[in-house]
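K.L.:
Which chain is which? The protein sequence lines are A and B, in order.
Anchor point for the first sequence: position 248 equals 248 in this note's numbering, and the numbering is continuous, going up by one each time.
In this note's numbering, each number is its position in the second sequence, counted from 1, plus 1000.
Protein chains: 2
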Amino acid sequence: MARITLDDVSRAAGVSRSTASLVLRGSPKIPAATAERVRKVMADLGYVYNRSAANLRQSRSMTLGLIVTEIINPYFAELAMAADEVAHEAAYTIFIGYSHDEADRQHELMTSMIERQVDGFILLPAPDSDPEKIASLVAAAKTPTVTVARRIEGLDYVGSDNVAGGELLGRHLAAIGCRTVAFLGGLQASSTTERSEGLARSLAARGLEFWNDAEQRAHITPAGGVQATAALLDRGRLPDAVVAYNDIVALGIYEELRRRELRPGEDMAVASFDDTRFAATQAPPLTSVAGFPDEIGRRAAGRLLQLLDDGEDGPLNDLVPPKLRLRSSTVAWRPRGSR
Amino acid sequence: MARITLDDVSRAAGVSRSTASLVLRGSPKIPAATAERVRKVMADLGYVYNRSAANLRQSRSMTLGLIVTEIINPYFAELAMAADEVAHEAAYTIFIGYSHDEADRQHELMTSMIERQVDGFILLPAPDSDPEKIASLVAAAKTPTVTVARRIEGLDYVGSDNVAGGELLGRHLAAIGCRTVAFLGGLQASSTTERSEGLARSLAARGLEFWNDAEQRAHITPAGGVQATAALLDRGRLPDAVVAYNDIVALGIYEELRRRELRPGEDMAVASFDDTRFAATQAPPLTSVAGFPDEIGRRAAGRLLQLLDDGEDGPLNDLVPPKLRLRSSTVAWRPRGSR
DNA sequence: CTGAAAGCGCTTACAG
DNA sequence: CTGAAAGCGCTTACAG
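Following this line, the structure appears as structure tokens:
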């Protein structure tokens, strides 16, 4: 049995194909009785609407492409789900792709989605993305694109105010009496730069030392945290506090500190960014700067839908204000002399 | 400027549209020189392949639908990513949808994806799914469907061997000297039933008491764990061990035990299922039954691709064997008399 | 090896 | 209010 098309429906209902098509979209031009009859036939025949055919005709797909690094990191997962929520309400469906932070794979995913006619992109760019390449890709297909969490020159951006987050943390660490602070983990990306910039600025203003060598950069995994912590401690001087690029990295920091018989939160204050579920459920609970990925996802999707409705508009730079969540990993720490 | 089509390309290259189409797919029928020329024209003109148009013609979309509860739970996230990996290698792209464990939303998502002509589904069914409704939906559109992690009568299934997992845990708890074991959290779904069945069986065989009242069921969140633990402890008797439906629920169990000044792992053994990142990074580290969601995702996608290639085949029931990861939340526990 | 033609399943002016 | 026709951008036999 071949699939049922609008043609079959209209024939069975004794109307033209255009009428059937209009019924499908609830056009007021069709008398209620006719519409009713057509709908009944559709149900009886088991008609399934082929939106792809409609899309071809209308040159839009009601489909959005979402590209993220991965989703094991709950920050990315929350962002993805929130974006989907907004898209879903507007009748869009989402293609998802995982770049694993590899620019080549990201490029491949975008190309594949463009071939599938996505109407727009939400892109969390790989750290080594080539801005020109991405710009030319989305320009060729005229696909509106909003970047999230990491910035790419020239594209709309929605993300945490990482500089402000770094400042919140710097001020707090100074207030509890830290003198030296090291920043651990994270790759070469705008988010890393911004977080360390906010830290550096607020620490400098209060006369604290800030350690941020290249060897302290590491992948955003527990293993990356282990590695960066080891690199730091192998230099022989202990800072009063370490700040993790995010909670996932902090898991590795706790692990490596314990391996060296240092108690996180007591021998060294530890703080972090993102405030995912991992932060509050650590022992000791981890001070973290909440970044509200759900809000970022929602705003990015909203912006994209607006772009799709109204066409181009100036470039957007939308920063979500962070919040500092104080927990015992810093609050319970005491300066060495006073212990 | 209108978009460039194959027509434009073939005209500019001085060949017919069929030739251009054949070049696109690297047909050996076209002389290398011609192919080269056509490809150059495509590049010069900035041609973008419209796979949707091709899909319409070919009646397939090279698209798979993946429906999961959500992806904040890393178990679901890993499953989703692994399935994507396999699909991606076979040139499929994935539509993702989040049911939030609501059957209505799941139905809506499936309908929307069917309209978009997905070639197949990987479905992690909502606990209150209506099997008939799902069966008729996918049958109407002839969309092959593989269920994962939770079973639906009559559909292919790939999941953990939860019964075996429950038995592993029951044997271990008996071995460390537990007399009474309570199972906490989880909704009415096959995974819950299977886990408790494995536990019940192995505990009964060793003469242990198994507590598993309806009020111990709860949502798969930390809050669900809190609630189920409270309901259990309010009855006034403490079990030797509690087993969480999964690591997420266990977070809430730890929390509620501490609120009542009970030390998890000391005053009560605690164990769990899934062995996500949350298990090993708890304090105390949490004994958990690893369920290998990545393997489940891979196998489910593989099965779906095979179905797409070879057509129907007997129903599948593919169980991934679990592994018990022992950690101090059970290993450090001692029976009351011997403390 | 290449070209003309039909068709995938819709939507959309345009007549009537 | 309804119908006939063209077209979205491809692919695929079928001639030549």
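Ideal placement from N, C-alpha and C gives every residue a C-beta, glycine not left out.
Keep in mind it's a predicted model, so treat the numbers as computed, not measured.
(1) So, do the region 1209-1220 of chain B and the region 1177-1187 of chain B have three or more beta carbon pairs nearer to each other than 8 Å?
(2) Could you spell out where the beta strand (DSSP E) holding residue 312 of chain A opens and where it closes?
(3) Can you tell me whether residue 1310 of chain B is buried or exposed, with buried defined as 16 or more other CB within 10 angstroms of its CB?
(4) Going by alpha carbons, who is nearest to residue 240 of chain A out of A:211, A:258, A:224?
(5) Give me the chain B residues within the contact set of residue 340 of chain A, using Cβ-Cβ distance strictly less than 8 Å, ordered along the chain.
(6) Enumerate in chain order the residues of its own chain whose CB-to-CB distance from residue 1141 of chain B is below 7 Å, with the five nearest sequence positions on each side excluded.
(7) In the DSSP assignment, find the alpha helix (DSSP H) that holds residue 182 of chain A and state where it starts and stops.
(8) Which residues, taken in chain order from the region 1074-1093 of chain B, show a beta carbon closer than 7 Å to some beta carbon of chain A?
(9) What distance in whole Å lies between the Cβ atoms of residue 1156 of chain B and residue 1147 of chain B, which are believed to be in contact at a cut-off of 8 Å?
(10) Which of the three DSSP states is assigned to residue 249 of chain A in this structure?
(11) So for residue 48 of chain A, helix, strand or coil by DSSP?
(12) Tell me whether residue 1322 of chain B is buried or exposed, calling it buried when 16 or more other Cβ atoms sit within 10 Å of its Cβ.
(13) What residues in its chain sit with their C-beta under 8 Å from that of residue 45 of chain A, if we drop five residues either side in the sequence?
(14) Answer yes or no: does any C-beta atom of chain B fall closer than 8 Å to that of residue 46 of chain A?
(15) Assign residue 341 of chain A to buried or exposed, taking buried as 16 or more other Cβ atoms, counted over all protein chains shown, within 10 Å of its Cβ.
(16) Does the Cβ-Cβ distance between residue 305 of chain A and residue 159 of chain A come in under 8 Å?
(17) According to DSSP, simplified to helix, strand and coil, what is residue 208 of chain A?
(18) Using a Cβ-Cβ cut-off of less than 7 Å, give me the residues of the region 1113-1147 of chain B that come near chain A, in sequence order.
(19) Between A:56, A:107, A:91, which lies nearest to residue 68 of chain A when the distance is taken from Cα to Cα?
(20) Check residue 1003 of chain B in the structure and name its three-state DSSP category.
(21) Short check: CB of residue 1103 of chain B to CB of residue 1130 of chain B, under 8 Å?
(22) Going straight from the alpha carbon of residue 1 of chain A to that of residue 1291 of chain B, what length do you get?
(23) Give me, in chain order, the residues of the same chain whose beta-carbon lies closer than 7 Å to that of residue 1262 of chain B; leave out the 5 immediate sequence neighbours on both sides.
(24) Leaving out five residues before and five after residue 1118 of chain B in sequence, what residues of the same chain have Cβ atoms less than 7 Å from its Cβ?
(25) Distance, Cα to Cα, residue 1202 of chain B vs residue 1162 of chain B?
(26) Comparing C-alpha positions only, which one of A:80, A:22, A:270 sits nearest to residue 178 of chain A?
(27) With 8 Å as the threshold, decide whether the Cβ of residue 288 of chain A is near any Cβ in chain B.
(28) For residue 1015 of chain B, which of helix, strand or coil comes out of DSSP?
(29) Counting only beta-carbon separations shorter than 8 Å, does residue 281 of chain A have a partner in chain B?
(30) If contact is defined by three or more beta carbon pairs under 8 Å, each pair taking one atom from either stretch, is the region 1074-1081 of chain B in contact with the region 71-81 of chain A?
(31) Please list, in chain order, all residues of the same chain as residue 244 of chain A whose beta carbon is under 6 Å from its beta carbon, the five residues on each side excluded.
(32) Could you tell me whether the Cβ of residue 1295 of chain B comes closer than 8 Å to any Cβ of chain A?
(33) Just verifying my parser: in three-state terms, what is the DSSP assignment at residue 93 of chain A?
(34) Going along the chain, which residues of its own chain have a beta-carbon closer than 6 Å to the beta-carbon of residue 1295 of chain B, five neighbours each way excluded?
P.N.:
Quick look at the numbers:
(1) Counting C-beta pairs closer than 8 Å gives three or more between the region 1209-1220 of chain B and the region 1177-1187 of chain B, which meets the contact rule.
(2) No beta strand (DSSP E) contains residue 312 of chain A, which DSSP labels as neither H nor E.
(3) In this structure residue 1310 of chain B is exposed. Its beta-carbon is surrounded by fewer than 16 other beta-carbon atoms within 10 angstroms.
(4) The shortest C-alpha separation from residue 240 of chain A is found at A:211.
(5) Chain A is shown only over 1 to 339; residue 340 of chain A falls outside these bounds and no answer can be derived.
(6) In chain order, 1114 place their CB closer than 7 Å to the CB of residue 1141 of chain B, counting only its own chain and leaving out the 5 sequence neighbours on each side.
(7) Here residue 182 of chain A belongs to no alpha helix (DSSP H); instead the beta strand (DSSP E) covers 180-184.
(8) For the region 1074-1093 of chain B, which is checked against every Cβ of chain A, the residues closer than 7 Å are 1074, 1077, 1078, 1080, 1081, 1084, 1093.
(9) Sure, about 7 Å apart at Cβ, within 8 Å.
(10) The answer is helix: DSSP assigns residue 249 of chain A an H, G or I state.
(11) Here residue 48 of chain A carries a coil assignment [DSSP, helix/strand/coil].
(12) Buried, by the Cβ-count rule.
(13) For residue 45 of chain A, where only same-chain residues beyond five positions count, the Cβ hits under 8 Å are 4, 8, 9, 12.
(14) So yes, residue 46 of chain A belongs to the interface.
(15) Since the displayed chain A opens at 1 and closes at 339, residue 341 of chain A lies outside it and no answer follows.
(16) For residue 305 of chain A and residue 159 of chain A, no; Cβs fall outside 8 Å.
(17) Of the three classes helix, strand and coil, the one that applies to residue 208 of chain A here is coil, per DSSP.
(18) Residues of the region 1113-1147 of chain B whose Cβ lies closer than 7 Å to any Cβ of chain A, in chain order: 1113, 1114, 1115, 1116, 1117, 1140, 1141.
(19) Distances from the alpha-carbon of residue 68 of chain A to those of A:56, A:107, A:91 put A:107 closest.
(20) In the structure shown, the three-state DSSP call for residue 1003 of chain B is coil.
(21) With respect to the 8 Å criterion, residue 1103 of chain B and residue 1130 of chain B are classified as neighbours on the basis of their beta carbons.
(22) Residue confidence for residue 1 of chain A is low, a pLDDT of 49 falling below 50, so the modelled location carries little weight; the figure read from the coordinates is stated next. Whole-angstrom Cα-Cα distance: 41 Å.
(23) A distance below 7 Å between beta-carbons, with the five flanking residues on each side excluded, links residue 1262 of chain B to the following residues of its chain, in chain order: 1268.
(24) Excluding sequence neighbours, residue 1118 of chain B sits near 1061, 1063, 1064, 1065, 1095, 1143.
(25) A direct Cα-Cα distance of roughly 13 Å separates residue 1202 of chain B from residue 1162 of chain B.
(26) The shortest C-alpha separation from residue 178 of chain A is found at A:270.
(27) Interface annotation, residue 288 of chain A: not in contact with chain B, CB-CB separation never under 8 Å.
(28) Three-state DSSP puts residue 1015 of chain B in coil, outside helix and strand.
(29) Using a CB distance cut-off of 8 Å, residue 281 of chain A counts as an interface residue toward chain B.
(30) These segments touch.
(31) Excluding residues within five positions, the ones whose Cβ falls inside 6 Å are 184, 185, 250, 253, 272.
(32) Put simply, the CB of residue 1295 of chain B is far from chain A, with every gap to its CB atoms at 8 Å or more.
(33) Strand.
(34) Only 1320 meet the Cβ criterion.
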